[in-house]
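A.B. asks: Before we start, here is the structure in question, set down as structure tokens.
There are 2 protein chains.
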Amino acid sequence: MVSYTPAAMKAELHERGWRMTPQRETILNTFQNVAKGEHLSAEELCELLKEEGEPISLSTIYRNLKLMSRMGILRELELAEGQKRYEINQPSPHHHHHLICVRCNKTIEFKNDSVLKAGAKMADKSGYHLLDCQLLIHAVCPACQRSIMPV
Amino acid sequence: MVSYTPAAMKAELHERGWRMTPQRETILNTFQNVAKGEHLSAEELCELLKEEGEPISLSTIYRNLKLMSRMGILRELELAEGQKRYEINQPSPHHHHHLICVRCNKTIEFKNDSVLKAGAKMADKSGYHLLDCQLLIHAVCPACQRSIMPV
DNA sequence: GAACTTTTAGATATTATTTGCAATAAGATG
DNA sequence: CATCTTATTGCAAATAATATCTAAAAGTTC
Ligand SMILES: [Mn+2]
Ligand SMILES: [Mn+2]
Ligand SMILES: [Zn+2]
Ligand SMILES: [Zn+2]
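Read top to bottom, the protein sequences are chains F and P.
Using the working numbering, you'd call the opening residue of the first sequence number 390 and step up by one each time.
Using the working numbering, you'd call the opening residue of the second sequence number 390 and step up by one each time.
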């Protein structure tokens, strides 16, 4: 897991016969500049880019979110119900995990290097090339424990 | 995280004014008897029950998979692309995590109690009531590293 | 810059999941 | 046990996230 510059991303794309495009660079830059703790969905990213005056079509966004996740540049998160969210994939000092309330989707990020190390070790032991390692904790937050909401 | 008997599930449903039904008991039994390492999707569960002569409608299955996940009886996994999979949620000696190849979806289960403990501790520290704790490792398996597949 | 290949935008298709509703049945109450 | 209330079911229809198709545009190579 490494942090990518546009140049590094371009190099890695070229290794596989692929191309760097303005859209890919825009997406990379956007994720690198978005506030810490933000997890964008495809739709949200599309809206954000539209507002910022550099629109990219939704299908291109979908294609590249998947591509960049599979390259290890982004991490794909299934936090809330029904749609995937993405954030930049960063190495150790910034790497983190997620604790999510299954009722209200309130999410807490937390760091735990020993968990990351355990994940990296497991991948290595099995000969897998690590892309992302995320501890996902599903739970009920204090507020929702008090409420009488359906499940 | 506890293993549920039908009676325990019934008791917990009643606490919230809900009911135990034959369908819910069938789903619970099915997950408790399915082979270790099997992760069923809603559709697959529906087919399996049809074959076994106790069919349950797909919408009921969807409703109950969600309910039982939010009760902590099942765990909801996003392993492959495009659909959720479920397995019974078991405590420590059987509890495990998943290492997944993002290209071919080959999945390895592994145990790591210290990761589970770290997750439980984090939930507790934040006042969250723990339902499930899963380390998800996205990686590329040895076979796929050798192939020239797209991404 | 010509030839070749990948990528894009936009429209359309796909499909997992949810929802509305009438019928059914769980569980409570007397 | 008979009755009553209301949660739950099955089926059909709706929804929404994501994938795919195609022609046009833009990187790459020579
Ligand atoms: Mn995060
Ligand atoms: Mn498993
Ligand atoms: Zn909550
Ligand atoms: Zn693989």
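For every residue, glycine included, the Cβ atom is placed at its ideal position computed from N, Cα and C.
Report yes if the CB atom of valine 504 (chain P) is closer than 8 Å to the CB atom of tyrosine 517 (chain F), and no otherwise.
C.D. replies: The Cβ atoms of valine 504 (chain P) and tyrosine 517 (chain F) lie no closer than 8 Å to each other.
A.B. asks: Could you check whether the Cβ of alanine 532 (chain F) sits closer than 7 Å to any heavy atom belonging to ligand 3?
C.D. replies: yes
A.B. asks: Under 8 Å, with one C-beta from each stretch per pair, do the region 485-501 of chain F and the region 429-441 of chain F reach the 3-pair mark?
C.D. replies: no
A.B. asks: Against chain F, does asparagine 453 (chain P) count as a neighbour if the rule is that its beta carbon must be under 8 Å from one of theirs?
C.D. replies: no
A.B. asks: Could you please give me the residues that DSSP links to glutamate 465 (chain P) through a beta bridge?
C.D. replies: P:Tyr475
A.B. asks: May I ask which residues mark the beginning and end of the beta strand (DSSP E) holding leucine 519 (chain P)?
C.D. replies: Where leucine 519 (chain P) is concerned, the enclosing beta strand (DSSP E) stretches over 518-529.
A.B. asks: Can you determine whether any heavy atom of ligand 6 sits closer than 7 Å to the C-beta of histidine 428 (chain F), and answer yes or no?
C.D. replies: For ligand 6, the structure offers nothing, since it holds only ligand 1, ligand 2, ligand 3 and ligand 4.
A.B. asks: Going along chain F, which residues have a C-beta under 7 Å from glycine 508 (chain P)?
C.D. replies: Leu524, Ile526
A.B. asks: Does the count of Cβ pairs from the region 399-408 of chain P and the region 486-500 of chain F closer than 8 Å reach three?
C.D. replies: no
A.B. asks: Can you give the beta carbon distance from histidine 487 (chain P) to leucine 466 (chain P), rounded, assuming they're within the 8 Å contact cut?
C.D. replies: 7 Å
A.B. asks: Excluding the 5 residues flanking tyrosine 393 (chain P) on each side, which residues of the same chain have their C-beta closer than 7 Å to its C-beta?
C.D. replies: Leu417, Ile462
A.B. asks: Provide the residue span of the alpha helix (DSSP H) that contains glutamate 432 (chain P), from first to last.
C.D. replies: 431-440
A.B. asks: The alpha helix (DSSP H) spanning isoleucine 450 (chain F) covers which residue range?
C.D. replies: In the DSSP annotation of this structure, the continuous segment of the alpha helix (DSSP H) that includes isoleucine 450 (chain F) starts and ends at 447-459.
A.B. asks: What residues of chain F sit near methionine 511 (chain P), judged by a beta carbon separation below 7 Å?
C.D. replies: Leu488, Phe499, Ile526
A.B. asks: Could one say the Cβ of histidine 518 (chain F) lies closer than 8 Å to chain P's Cβ atoms, at least one of them?
C.D. replies: So, interface residue.
A.B. asks: Which residues mark the beginning and the end of the alpha helix (DSSP H) in which glutamate 401 (chain P) is found?
C.D. replies: 395-404
A.B. asks: With DSSP as the reference, please indicate the residues paired to histidine 487 (chain F) in a beta bridge.
C.D. replies: F:Glu498, F:Leu525
A.B. asks: Starting from tyrosine 415 (chain P), trace the alpha helix (DSSP H) in both directions and tell me its first and last residue.
C.D. replies: The identity of residue 415 (chain P) in the sequence shown is threonine, whereas the question assumes tyrosine. Threonine 415 (chain P) -> alpha helix (DSSP H) spans 411-422.
A.B. asks: Of all the options P:Arg413, P:His485, P:Asn478, P:Leu454, which has the alpha carbon lying nearest to the alpha carbon of glutamine 472 (chain P)?
C.D. replies: P:Leu454
A.B. asks: Step through the CB atoms of chain P and report whether any lies within less than 8 Å of the CB of valine 504 (chain F).
C.D. replies: yes
A.B. asks: Please confirm if proline 480 (chain F) has its CB atom under 8 Å from at least one CB of chain P.
C.D. replies: No, proline 480 (chain F) lies away from the interface with chain P (no Cβ there is under 8 Å from its Cβ).
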